[in-house]
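Take a look at the structure below.
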Amino acid sequence: MRLATPLLTFIRVSVYVFLLAPIVIVVLASLNAGNFLTFPPQGLSLRWFWTFLQNDVFIDAIIYSAVLALCATAVSLVIGTMAALYFVRHATREAEVVRVGMLLPLILPEILTAIALLFFFYEIGIGTEHQIALFTGHVLMTLPFVFLNVTTSLQGRDESVELAARTLGASRYTAFRRVTLPLIAPGLATGGIFAFIISFDTFGISFILKGAGSAPLPIQLYDYLRFNFTPEAAAVSTVSILLTLVLVTVSDLVFGRE
Amino acid sequence: MTEVSLLSLVKSYGKSIALKGISLSVGHGEFVSLLGPSGCGKSTTLKCIAGFEDISDGKILFDNTDISRRLPEQRDIGMVFQSYALFPHMTVAQNLAFGLEMRRVPKSEIATRVARAMEMVQLTPYAERFPKALSGGQQQRVALARALVIEPAILLLDEPLANLDAKLRDEMRGFIRDLQKRVGITTIYVTHDQGEAMTMSDRVVVMFDGEIAQAAPPEEVYNHPASERVARFVGNANILDLAVTGKDAAGSDLALPGGGALRVDSPAPWANGRLRVMARPEQIALTDPGAGHLGGEISKRYFSGGHVEYHVDTQCGPLVVLGPTTQTVAEGQTVALAFDPARLWPIPDPKGPAQ
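Protein chains in written order, with our numbering: chain A, 1 to 258; chain B, 259 to 613.
So, in structure tokens, the structure goes:
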């Protein structure tokens, strides 16, 4: 035990360093006063944040990504919750098929899903116009996270609670809204946050399915870094890290008390 | 108050038939228990009445109105679940108010009715607590109050005491029974515990394999079971298979191995010229060897506080006898068993009476 404890501490610290170091480096790099994306930074400055705020391309990309993530999350929440309800409450022999089907986007390599969707949308004559393909891709990528989280919170709940509401005079819909929904709210919140972050972050799907015109943030960053190597890219990353942090913290404060 | 009638209720799941034509009528304010082993169809029957399961055939009537096709929320029932099924995100008062809100009862009236219901189950101080802060027995009482506050036509209880410990279970038996009589509501109670069914019900309905084996008052089911299976399921039963030596209009003479003779009131022997009679353990007395009707030897003796249980090896097979604690008989002792002919019950022949 005496020998094991320092070793354990070392492993523990290493894991945290491994997980957090990239984030710390990106944030530090964004405070770089120099002209190039280097580490350690050459002097501290917020000038690249200022540059970023005046760069419409990045601002538009962030807004675009946020709106896309919000819409994809909303649709995923509806479909994922319905699928989870069916899977937990009604599915019998087909349950395993439903589960694997819902998790396929997570199991398959992202690039395969993206290429399959690309072929599909060209085959039916829509292609990547109208952003339908991109949106569908994002819904698919986020669906497993909603499904998993809602399934977990439903499985911990006794169905007779819903039946009790029915005997007391609530319709199927009212019973869902007044009883089931509040009880699975934490699962919905977690699933929704996961979905938002995955959509905001995903690269492969967006890269292959994006239409002409505006592009999501990861694609815009990638394009930018191909020709520029300034700390502005790090500033953009820092802002999106902050957005994610705010989202997770707020949801934890609201739903984490369960 | 409402009368419930089940008319040839059939429920099948694909090829397996859960209910094979159940017919039962529950009177105004009557307390009826559905009793049987798991898988006998008692819970399915309750689910059909509640509307959680569609019936395959037959009808369910509440006061002559066919409600078979109505949704659960349109049936006007109060139900208590084995798991209590309280809404964990609502306080006790909110749990009770839920059904009234669904019925669009005015707010002021909700408050008074909820208060009255909480008083009825002695939970007034707990109005603002959440269910998880209550004990099992208290949660059970909240579930009862929530089912009754809407003043439903009928009350359904699905093994409501199964999750309570023994002492609390006994208390709740009396509590539910008293409350039901006070409110006067027609009640259907599902249980696999024969003691519960006996102590609480006006009538016990024993079910096996999706069919009703017997529906009668508790004393009748206990003393005069309709079949050997009912006899063995409800309480402890000694079944003696005896030869019929003579019969007249009033009864039959039976011969016991070892020379004893008994006379029981019986319509007819079974087709094989024999009769199977049931004696409950407490209806048999232990006497000195030579006396009584049947000789035997004590193989096991269990003291259980109020009485002593003896397992006796006889020529009619092993029998169970309950004796008073004032009588001391040791294991291995030779005894004789004395039956009370008036209380011996000849079990009806399942193939119908002999010609």
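In this text, a Cβ means the ideal position worked out from N, Cα and C, and glycines have one as well.
G357 (chain B) at chain A interface by Cβ criterion, 8 Å: yes
A4 (chain A) burial status per 10 Å Cβ neighbour count (16 or more: buried): exposed
Closer than 8 Å, CB to CB, is I408 (chain B) near chain A or not? yes
Determine the DSSP secondary structure at P604 (chain B), reduced to helix, strand or coil. strand
Can you find a CB in chain B that lies within less than 8 Å of the CB of L183 (chain A)? yes
In the DSSP assignment, find the beta strand (DSSP E) that holds V290 (chain B) and state where it starts and stops. Looking at the DSSP string, the run of the beta strand (DSSP E) that includes V290 (chain B) is 289-293.
With DSSP run on the structure shown, which of helix, strand or coil describes K390 (chain B)? helix
Could you list which residues in chain A have their beta carbon closer than 8 Å to that of S459 (chain B), in chain order? Ordered by position in chain A, no residue passes the 8 Å Cβ test against S459 (chain B), which lies about 22 Å from the chain.
Identity of the residue in B:A507, B:V338, B:A501 nearest L514 (chain B) by Cα: B:A501
Helix, strand or coil for E540 (chain B)? Go by DSSP, reduced to three states. Of the three classes helix, strand and coil, the one that applies to E540 (chain B) here is helix, per DSSP.
List, in chain order, every chain A residue whose beta-carbon is nearer than 9 Å to that of S326 (chain B). Those within 9 Å of S326 (chain B) in chain A number zero; the least Cβ separation is about 16 Å.
Please decide whether A424 (chain B) counts as near chain A, where near means a Cβ-Cβ distance under 8 Å. no
Express the C-alpha separation of L533 (chain B) and Q613 (chain B) in angstroms, rounding to a whole number. With a pLDDT of 41 at Q613 (chain B), under the threshold of 50, the modelled position of this residue cannot be trusted; read the value that follows with caution. In a straight line, the C-alpha of Q613 (chain B) is about 14 Å away from that of L533 (chain B).
Would you kindly check if the distance between the Cβ of P105 (chain A) and the Cβ of L140 (chain A) is under 8 Å? Result yes, Cβ atoms of L140 (chain A) and P105 (chain A) sit closer than 8 Å.
In chain order, what residues of the region 360-385 of chain B put their CB closer than 7 Å to some CB of chain A? Those residues of the region 360-385 of chain B that come within reach of chain A (Cβ to Cβ, closer than 7 Å) are M360, R361.
Where G395 (chain B) sits in the DSSP three-state scheme: helix
List, in order along the chain, the chain A residues whose C-beta lies closer than 7 Å to that of I335 (chain B)? The contacting residues are T167.
Length-filtered (3 minimum) beta strand (DSSP E) runs lying within the region 104-183 of chain A: The qualifying runs do not exist here; there are none.
Between the C-alpha atoms of L267 (chain B) and E417 (chain B), what's the straight-line distance to the nearest angstrom? Each residue's alpha carbon lies about 21 Å from the other.
Is T244 (chain A) helix, strand or coil when you go by DSSP? When secondary structure is reduced to three states using DSSP, T244 (chain A) falls in the helix class.
Who are the neighbours of S341 (chain B) on chain A, taking C-beta pairs under 7 Å? D158, S160
For E223 (chain B), does the count of other Cβ atoms within 10 angstroms reach 16, so buried, or fall short, so exposed? Coverage of chain B is limited to positions 259 through 613, which leaves residue 223 (chain B) absent and any answer about it impossible.
Between which residues of its own chain and I318 (chain B) is the CB-CB distance below 8 Å, once the five residues before and five after are set aside? Answer for I318 (chain B): V262, S263, L264, L265, L267, C306, I307, D324, I325, S326, listed in chain order.
What's the gap between the Cα of R601 (chain B) and the Cα of Q396 (chain B)? So the alpha carbons of these two residues sit roughly 42 Å apart.
Relative to the C-alpha of R487 (chain B), which residue among B:A471, B:P475, B:L293, B:S296 is closest? B:A471
With 8 Å as the threshold, decide whether the Cβ of L154 (chain A) is near any Cβ in chain B. no
Ordered along the chain, which non-local residues of its own chain (more than five positions away) have a Cβ less than 6 Å from that of G316 (chain B)? L265, S266, L267, V268
Proximity of A411 (chain B) and A343 (chain B) at Cβ, strictly below 8 Å: no
Is the shortest distance between the beta-carbon of H347 (chain B) and the beta-carbons of chain A less than 8 Å? yes
Provide the residue span of the alpha helix (DSSP H) that contains N353 (chain B), from first to last. From DSSP, the alpha helix (DSSP H) with N353 (chain B) extends over 350-360.
Over what stretch of residues does the alpha helix (DSSP H) that includes E478 (chain B) continue unbroken? Element bounds for E478 (chain B): 476-481.
By how many angstroms is the C-alpha of T142 (chain A) removed from the C-alpha of I198 (chain A)? 6 Å
Using only the alpha-carbon positions, how far apart do R559 (chain B) and C298 (chain B) sit? 34 Å
Please state whether DSSP places D499 (chain B) in a helix, a strand or coil. strand
Below 8 Å on C-beta distance, what does A95 (chain A) contact in chain B? Ordered by position in chain B, no residue passes the 8 Å Cβ test against A95 (chain A), which lies about 17 Å from the chain.
State the DSSP-derived secondary structure class of Y447 (chain B), mapped to helix, strand or coil. In the three-state DSSP reduction, Y447 (chain B) falls in the strand class (E or B).
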